[in-house]
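Note sheet for the following structure.
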Amino acid sequence: MYSIVKYLKRKALDEFDRNCKRVVKDIMNLPRRASPEVVFIPSHRGGANIPPLSDLADVGSTVRAFKMLTCPDPVVREVAEASLRHVVAPVLEQKQPTQDQLCTYLFGEATSKYSRGTTIWSAARSAARRLAAKIPGLQWLWSEEKLWSLSIPMPERAPNRTIVDQASRGDLHHYLRLGQQHKYFLQLLAKPDQGKVFDASSLDPASNHFMQSGMFTRFCDWNFVHRARLGVLPLRACVRVANIDRRCRVCRYPEETTAHVLCHCMRHSRAMNNRHRVVIKHLVSCMSDTSKLRIGKTVSGTNSREKPDLVLLDKEKKQAAIIDVACPFENRYEALVTKREEKIHKYSPLADVLRADGYKVDVEAVVVGALGSWDGSNERALALLGIPAKKAKTMKKIIALELITWSRDIYVEHVSRARQLYEEDVVICLDTVASH
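Each residue of the sequence shown is one higher than the one before, counting from 8 in this note's numbering.
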């Protein structure tokens with residue numbers, strides 16, 4: 008593909024990218040004002056994983072030049088380097104440019120007063136300038152040991168920099184593309200309105216598994232979740248229209264935001280309760296042993312009136328685990344962290360009572376965002392519940408989609424006043440789940 012793209016003008020690529028972005032937004036049921044970064048970022052972060060073709064053209068130009076200079080065939084490698092010296096010599100006005108000067112040219116730092124036509128090396132040089140804007144710290148390197156190499160910053164990994172040399176030349180395209188997409192991801196997170204949910208939903212692939220496979224996903228949920236996560240649902244406090252009534256159309260709360268509708272409008276309290284209960288239902292159904300489990304009941308032998316969602320009490324081994332479930336709105340990842348701390352703090356007095364009775368007690372929480380953001384810190388609670396890793400992998404995906412389904416039904420019922428639930432379906436009986 009890159010052999011074709013290199014002959015296209017940047018203007019044509021930019022026009023294609025604009026049309027592609029419009030089509031992808033239509034597929035994701037997003038309005039024009041939705042952030043374009045959601046089209047470019049990887050699918051495991053909740054994006055469409057379709058970077059701009061102009062960016063891929065720059066990656067292709069860099070990869071093509073790098074593979075010529077690192078070709079396993081020494082003849083090709085020598086011819087490529089001789090060609091590069093022939094191009095660089097008149098630019099630097101030197102007959103024999105050094106290796107460091109060749110790197111400086113390829114990185115776009117050396118300048119020339121005259122245009123000398125387009126070559127593989129000038130295309131790679133121009134691409135490096137544009138890539139440096141999206142991947143700060145990108146560098147061409149040369150050493151006696153590794154010969155030619157590229158240093159690519161990787162902020163998400165340890166170490167935070169990847170060196171691609173002749174041995175790993177096949178991975179260069181992958182790393183450059185990751186670097187570009189990470190820049191778009193940071194741009195999305197920096198937006199106070201459209202980036203806050205992605206700060207939580209992008210952390211675990213289970214939260215976005217449907218972007219690739221579509222498993223367990225209804226079309227109506229697909230049309231809802233992208234708008235909801237970007238905060239562009241047509242709610243009164245979300246639309247960009249001046250001088251309108253921003254109050255909730257149901258309870259008259261001052262701001263009808265996505266967070267208010269999905270988690271705080273008490274007209275939908277039964278649906279919110281069932282959204283909470285469906286998480287408990289899947290946790291219990293995946294447990295290997297429920298004989299010592301109590302669901303939503305006070306702990307016998309204590310005076311506490313607290314009713315944790317799940318309590319494992321082993322009187323013989325004197326071990327206890329208190330686990331509560333929460334489904335807060337994802338107002339950045341800090342909202343999930345805060346909710347977890349609140350739950351642990353809430354049940355600490357109950358844990359102290361059990362410890363005084365000789366029990367070894369663990370207090371944990373399972374926190375899943377209302378828009379399907381699975382918190383990686385839930386793994387400790389899953390281990391306490393004895394849920395096998397194989398079951399947990401599928402369970403996390405199902406829970407994320409079930410919460411999106413319930414949130415979508417809450418939203419539709421809120422704006423349309425059309426009942427989304429039948430009375431006989433409203434209550435999820437957890438006792439029957441535990442008995443199985």
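Where is the CB? At the ideal position from N, CA and C, for every residue including glycine.
Nearest-angstrom Cα separation, counted from residue j out to residue i
i      : j      : result
Asp432 : Ala213 : Only weak support is given to the placement of Asp432: the predicted model assigns it a pLDDT of 49, under 50, and the question is left unresolved by the model.
Phe23  : Pro59  : 9 Å
Gln146 : Ser209 : 28 Å
His216 : His289 : 18 Å
Trp128 : Thr169 : 23 Å
Glu371 : Asp80  : 58 Å
Leu113 : Glu44  : 28 Å
Ser68  : Lys403 : 40 Å
His443 : Ile302 : With a pLDDT of 45 at His443, under the threshold of 50, the modelled position of this residue cannot be trusted; read the value that follows with caution. In a straight line, the C-alpha of His443 is about 13 Å away from that of Ile302.
Leu99  : Val86  : 20 Å
Gly238 : Val268 : 12 Å
Thr345 : Ala207 : 13 Å
Glu88  : Lys397 : 51 Å
Thr401 : Arg25  : 37 Å
Arg259 : Ser292 : 39 Å
Cys110 : Asp62  : 21 Å
Ala131 : Gln106 : 16 Å
Asp65  : Ser298 : 60 Å
Val171 : Arg282 : 47 Å
Other residues of its chain near residue i: CB distance less than 7 Å, five sequence neighbours each side excluded
i      : result
Asn167 : Pro160 and Met161
Met218 : Ser50 and Gly53
Lys314 : Gly303, Lys304 and Thr305
Val373 : Val286, Leu290, Ile330, Val332, Asn385 and Ala388
Lys74  : Arg176
Gln427 : Asp416, Val419 and Glu420
Thr224 : Phe217 and Leu408
Unbroken alpha helix (DSSP H) run spanning residue i, endpoints
i      : result
Ala244 : Counting along the chain, Ala244 falls outside any alpha helix (DSSP H), and DSSP gives it neither H nor E.
Leu81  : For clarity, residue 81 is Pro in the given sequence; the question names Leu instead. Counting along the chain, the alpha helix (DSSP H) containing Pro81 begins and ends at Pro81 to Leu99.
Leu33  : What sits at residue 33 in the sequence shown is Asp, not Leu. It spans Arg17 to Ile34 - the alpha helix (DSSP H) in which Asp33 sits, taken as one unbroken run.
Arg234 : Phe226 to Leu237
Ala363 : Tyr340 to Ala363
Val291 : Ser276 to Ser292
Ala55  : Careful: Ala55 lies outside any alpha helix (DSSP H) and carries neither H nor E.
Asp62  : Leu60 to Leu76
Val318 : No alpha helix (DSSP H) holds Val318; the beta strand (DSSP E) holding it covers Leu317 to Asp321.
Sequence-distant residues of its chain with Cβ nearer than 8 Å to residue i (five each side left out)
i      : result
Ala425 : Val419
Asp33  : none
Ser234 : The question names Ser, but residue 234 in the sequence shown is Arg. The residues are Asn36, Leu37, Pro38, Ala41 and Leu240.
Ile351 : Val370, Glu371 and Ala372
Asp211 : Ser380, Trp381, Asp382, Gly383 and Lys403
Exposed unless 16 or more other CB atoms sit within 10 angstroms - verdict on residue i
i      : result
Lys324 : exposed
Tyr9   : With a pLDDT of 49 at Tyr9, under the threshold of 50, the modelled position of that residue is not reliable, and the figure given next carries that caveat. Its Cβ having fewer than 16 others within 10 Å, Tyr9 is exposed.
Asn385 : buried
Arg312 : exposed
Val434 : Note on Val434: pLDDT 48, under 50, position unreliable in the model; no value is reported.
Gln188 : buried
Ile330 : buried
Ser158 : exposed
Ala358 : buried
Ile251 : exposed
Phe226 : exposed
Arg92  : buried
Met273 : exposed
Gly186 : buried
Lys367 : exposed
Ala363 : exposed
CA nearest to the CA of residue i, picked from the options
i      : options                           : result
Glu263 : Pro241, Lys353, Leu145 and Val66  : Pro241
Phe231 : Thr412, Asp331, Leu183 and Lys141 : Thr412
Leu343 : Val204, Tyr191, Gln103 and Ala72  : Val204
Thr77  : Ser156, Val66 and Val31           : Ser156
Lys190 : Gly144, Met273 and Ser150         : Gly144
Ala399 : Trp381, Leu410, Asp416 and Ser414 : Trp381
Val422 : Thr297, Asn310 and Arg243         : Arg243
Gly308 : Lys322, Tyr340 and Leu196         : Lys322
Cβ-based neighbour list, residue i, same chain, cut-off 6 Å, excluding 5 preceding and 5 following
i      : result
Val70  : Leu179 and His180
Lys18  : none
Ala407 : Ala213, Ser214, Gly379 and Trp381
Gln194 : Glu44
Gly365 : Lys325
Leu138 : Asp65 and Leu145
Extent of the continuous beta strand (DSSP E) to which residue i belongs
i      : result
Glu262 : Per DSSP, Glu262 belongs to no beta strand (DSSP E) and is neither H nor E.
Lys367 : Lys367 to Val374
Trp128 : Taken as a continuous stretch (DSSP letters only), Trp128 belongs to no beta strand (DSSP E), being part of the alpha helix (DSSP H) at Ile127 to Lys141.
Gln219 : No beta strand (DSSP E) contains Gln219, which DSSP labels as neither H nor E.
Arg426 : Careful: Arg426 lies outside any beta strand (DSSP E) and carries neither H nor E.
Thr169 : Arg168 to Val171
Ser208 : No beta strand (DSSP E) holds Ser208; the alpha helix (DSSP H) holding it covers Phe205 to Ser208.
Gln146 : Gln146 to Ser150
Gln108 : Element bounds for Gln108: not the beta strand (DSSP E) but the alpha helix (DSSP H), Gln106 to Leu113.
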